[in-house]
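Quick note: the sequence shown uses this note's numbering, first residue 395, plus one each step.
By construction, the Cβ of each residue, glycine as well, lies at the ideal position given by its N, Cα and C atoms.
One structure is given here, and the rest of the page talks about it.
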Amino acid sequence: MQIQKDTVVTLHYKLSDAKGKLLEQSTKDQPMVYLHGGYENTLPKIEEALDGQAVGFKVTLNLEPQDAFGLRDESLARAIPKSEFPPGVKVGGQLQGRTDDGVEHVFTVMKVKGDKVLLDGNHPLAGTAVRFDLTVADVRAASDEEIAHKHVHGAHGHHH
Ligand SMILES: [Zn+2]
């Protein structure tokens, strides 16, 4: 079966930075599974590269930040006084806040510097050029329910 709109694609992947340093990879038990066809389950560049391909297809994609995890938005990097900081949140932890536009957003606690806590709401890989090595492990037709929900159900998908 070919990858086309409304197919469920199982991928093994390796994600590296532009220098080839491995950042993340799928495991045998935890592949990446997504619903193909513009449902924003994965990056558009990945869908573009896989469209029309089948099981066994391998591809390496070198992506600029804007095609991967986005550019950094410096307005999402901020310092708050330690006194306003909720107890129990540690460096590396996350907390819910609001952007300058008042939209709810998750911030990562970067570090504590004197009486300030530095937060960053950017994706950890924002501003980074990355490389994906992808192998297609399975392709199947999506169910009507998956198409209606715009995501994959089952072993590696949503459970509900
Ligand atoms: Zn669902």
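Measure the Cβ-Cβ separation of residue i and residue j and say whether it is below 8 angstroms.
i, j, result
"Val-524", "Leu-457", "yes"
"Val-485", "Val-497", "no"
"Val-403", "Tyr-433", "no"
"Asn-435", "Asp-467", "no"
"His-406", "Thr-493", "no"
"Lys-439", "Asp-461", "yes"
"Pro-475", "Lys-510", "yes"
"Lys-556", "Asp-527", "Absent from the model: residue 556. The displayed extent of the chain is 395 to 554, so no value can be given."
Cβ-heavy atom distance between residue i and ligand 1 below 7 angstroms?
i, result
"His-552", "yes"
"His-547", "yes"
What are the boundary residues of the beta strand (DSSP E) that residue i is part of?
i, result
"Lys-507", "498–507"
"Ile-474", "471–475"
"Leu-455", "452–457"
"Leu-444", "Leu-444 -> not in any beta strand (DSSP E); alpha helix (DSSP H) instead, spanning 438–444."
Counting only beta-carbon atoms, is residue i nearer than 8 angstroms to chain B?
i, result
"Asn-516", "Looking for chain B here will not work: only one protein chain is present."
From what residue to what residue does the alpha helix (DSSP H) around residue i run?
i, result
"His-406", "Unbroken run through His-406 is the beta strand (DSSP E), 401–411; no alpha helix (DSSP H)."
Of the residues the options, which one's Cα is nearest the Cα of residue i?
i, options, result
"Glu-478", "Val-506, Ala-448 and Ala-462", "Val-506"
"Gly-449", "Glu-418, Lys-408, Gln-460 and Thr-401", "The displayed chain sequence assigns Val, not Gly, to residue 449. For the residues Glu-418, Lys-408, Gln-460 and Thr-401, the minimum Cα distance to Val-449 belongs to Thr-401."
"Val-500", "Pro-518, Lys-510 and Asp-509", "Pro-518"
"Gln-447", "His-543, Gly-551 and Arg-534", "Arg-534"
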